[in-house]
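Everything on this sheet refers to the single structure shown next.
There are 2 protein chains.
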Amino acid sequence: MKVIDSIFSISFIGSGNVATHLARALHNSGHLIEEVFSPRLPHAKRFAEQFGCNVAKDLKELNPKVNLLIIAVPDAKVEEVAKALPKIRGIVVHTSGVTGMDALKDADMFGVLYPLQTFTRNRRMDISDAPFCIEGSDERVSKSLFQLAGKMSRSVQLISSKQRKELHLAAVMVSNFVNHLYAHSQEYLGRRQLDFSLLLPLIRETAAKVQDISPKKAQTGPARRKDEPTIKTHLEMLKSFPETAALYHLFSTQIKKKYNE
Amino acid sequence: MKVIDSIFSISFIGSGNVATHLARALHNSGHLIEEVFSPRLPHAKRFAEQFGCNVAKDLKELNPKVNLLIIAVPDAKVEEVAKALPKIRGIVVHTSGVTGMDALKDADMFGVLYPLQTFTRNRRMDISDAPFCIEGSDERVSKSLFQLAGKMSRSVQLISSKQRKELHLAAVMVSNFVNHLYAHSQEYLGRRQLDFSLLLPLIRETAAKVQDISPKKAQTGPARRKDEPTIKTHLEMLKSFPETAALYHLFSTQIKKKYNE
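Residue numbers (the numbering used here), protein chains in the order written: chain A, 1 to 261; chain B, 1 to 261.
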């Protein structure tokens, strides 16, 4: 078996948010971004310009000699991409929370490099505090990936496919669902001629306080106090917002039950 | 009518989180905290020690000569407290999001001082970026309250009772409901032997990105991509978490509908 003790040259499949943020961090820590493939050629070209790398016209044409190939495509596409890969000499990884490592088992050396963070196009963020969840097909692969992730982030964890899926599910709740609550509030306030920006300090503090105290201790609000008149008033105010009312009702019912049993 | 051009001496009814944070900010900006009343005498005494003020044994015994009396009690108690008040020479305000200003209309001068922020016992936070929503029974009262709030915060808004209620409803969603999602994630991960702290950078970034871009643009995740296999997998993983599954299902249905119509 070939062993990679140190990863230098890296290629990407995918040129979206995750690929771009990882490539930037790896480029900045002195790695060579070798090549990129994306079905969306203009995106691949923009990525290639940014990191001074080649553009592969086809998956089959990818340079097989790289130390690491990172598949950073939507979760649902990982298996399809893996099946179409040429033989790669280095390690092949994906970056998906929900996909098992075994999706890549046709490669000699494979693994997972999953940053537990939300990435937004055109938004710079500090990847160095994102926990990287690492998994490798054997111990030396794990070690190589651990080292590599440690150059991008202060927090690297060896996490099994099963645990990664569980973390990803929890991440969906605290990020995607939380953001949907922000969207409900913005829409509601907009239709009432009020400015969503008034809520921004509250949004910051709500996220800040669970950095220090547990969410269970941090819970406040009408449902926590079992303040039925306020809950009733709010549901009346949401009469022309049926979807917001449905969420309001479910949350209030759950919170009342959780804290007042 | 008596006019208060400048507020100096301030009494409190209530000695909880809101009262304590406001008293600290007002004390620090050079105001005299005159007196406190709370049905929970040990709390009132602790409050009084902290700000060097008197403890009133009964609502009826409150010193009527203060410039401002702040009623910082649970929303459901404001009206009851207002009815039991002696005649106060200064302005009487409450701090409730959901209660109309008119609950205080027996006073000569009255208003509202509503900080749009979440307050947690034993947690210091910077009140100076909390938007203060102000309402006054007449223009001079509004002006006095506006001035006073301006000493505590950089952001002071004149907001009607109707609008304040609407802001409060939106605040419940982006703070209390968001925190409940954090609690679901913590419980889920705990039962899977995983550490909630792995989500903290994601929680910070999710709150940080809507400071710059709209929640609608910031939305990501399986439901946003209409990734049905992942949604199905997640619902299966939540089989022994029926309440979490109910939230997951409702959010995913709404997000798919909102972004894919």
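A virtual CB, placed ideally from N, CA and C, is assigned to each residue, including glycine.
Quick caveat: nothing in here was measured; it's all calculated off a predicted structure.
- Contact annotation: B/ASP129 and B/SER96 have beta-carbon atoms that are not nearer than 9 Å.
- DSSP places B/GLY190 in no beta strand (DSSP E) but in the uninterrupted alpha helix (DSSP H) bounded by 178–191.
- The alpha-carbon of B/GLU135 is positioned some 18 Å away from that of B/ILE88.
- One Cα belongs to A/ARG24, the other to A/PHE51, and the distance between them is close to 8 Å.
- Judged by DSSP secondary structure, A/GLN163 falls within the alpha helix (DSSP H) whose first and last residues are 161–171.
- Per DSSP, A/GLU139 is one residue of the alpha helix (DSSP H) stretching across 139–152.
- At a cut-off of 9 Å between beta carbons, A/TYR188 contacts chain B.
- Taking 4 residues as the shortest admissible run, the region 13–73 of chain A contains the following complete alpha helix (DSSP H) segments, listed from N- to C-terminal end: 17–28, 41–51.
- In the DSSP assignment, A/ILE255 falls within the alpha helix (DSSP H) that extends over 242–260.
- It is roughly 14 Å from the alpha-carbon of B/PHE37 to the alpha-carbon of B/ASN17.
- Per DSSP, A/PRO229 lies in no beta strand (DSSP E); the unbroken alpha helix (DSSP H) holding it starts and ends at 228–237.
- By the 16-neighbour rule on beta-carbons within 10 angstroms, B/ALA103 is buried.
- Restricting attention to A/MET109, A/PRO201, A/ARG191, A/ASN260, the CA atom closest to the CA of A/SER240 is found in A/ARG191.
- Under DSSP, A/MET109 shares a beta bridge with A/ILE91.
- In this structure A/GLN211 is not in contact with B/ALA183, their Cβ atoms being roughly 15 Å apart against a cut-off of 8 Å.
- The beta-carbon of B/GLU80 is placed no less than 9 Å from the nearest beta-carbon of chain A.
- Contacts with chain A (Cβ-Cβ distance below 8 Å) from the region 199–211 of chain B involve LEU199, LEU200, PRO201, LEU202, ILE203, ARG204, GLU205, THR206, ALA207, ALA208, LYS209, VAL210, GLN211, listed in chain order.
- Look at A/PHE196 here: in three-state DSSP terms it is helix.
- By the Cβ-count criterion, B/SER214 is exposed, with fewer than 16 other Cβ atoms from all chains shown falling within 10 Å of its own Cβ.
- Nearest in C-alpha terms to A/LEU145, of all of A/LEU113, A/ARG123, A/LYS165, A/ASN176, is A/LEU113.
- Take A/SER185, set aside five residues on each side of it, and the residues of its chain with a beta-carbon closer than 8 Å to its own are PHE196, LEU199, in chain order.
- Here A/LEU158 is bridged, per DSSP, to A/ILE134.
- Just so you know, the alpha carbons of A/ALA170 and B/LEU181 end up roughly 9 Å apart.
- Judged by DSSP in its simplified three-state form, B/PRO215 adopts helix.
- A Cβ-Cβ separation of about 21 Å leaves A/ARG224 out of contact with A/TYR188 under the 8 Å criterion.
- Linking A/GLU61 to A/TYR248 through their CA atoms gives a straight-line distance of about 52 Å.
- Between the C-alpha atoms of B/PRO131 and A/GLN193 there is a straight-line separation of about 17 Å.
- Taking C-beta atoms as the reference points, B/VAL172 and A/GLY221 count as a pair closer than 9 Å.
- Counting only residues of its own chain and dropping the five nearest sequence neighbours on each side, B/PHE110 has a CB closer than 6 Å to the CB of VAL92, LEU104, SER137.
- Between B/LEU68 and B/SER153, the C-beta gap is not smaller than 9 Å, which leaves the two residues out of contact.
- DSSP places B/VAL81 inside the alpha helix (DSSP H), whose first and last residues are 78–83.
- Looking at the DSSP output, B/SER11 sits in a beta bridge with B/GLU35, B/LEU69.
- Below the 9 Å Cβ cutoff, chain B contributes LEU199, LEU202, ILE203, GLU205, THR206, THR220, GLY221 as neighbours of A/SER175, in chain order.
- Straight across, the Cα-Cα distance linking B/LEU148 with B/ALA107 is about 19 Å.
- Against A/TYR182, the close residues of chain B are VAL174, VAL210, PRO215, in the order they occur along the chain (beta-carbon pairs closer than 7 Å).
- Nearest to A/ILE203 by alpha-carbon distance, out of B/VAL98, B/THR118, B/VAL73, B/LEU202, is B/THR118.
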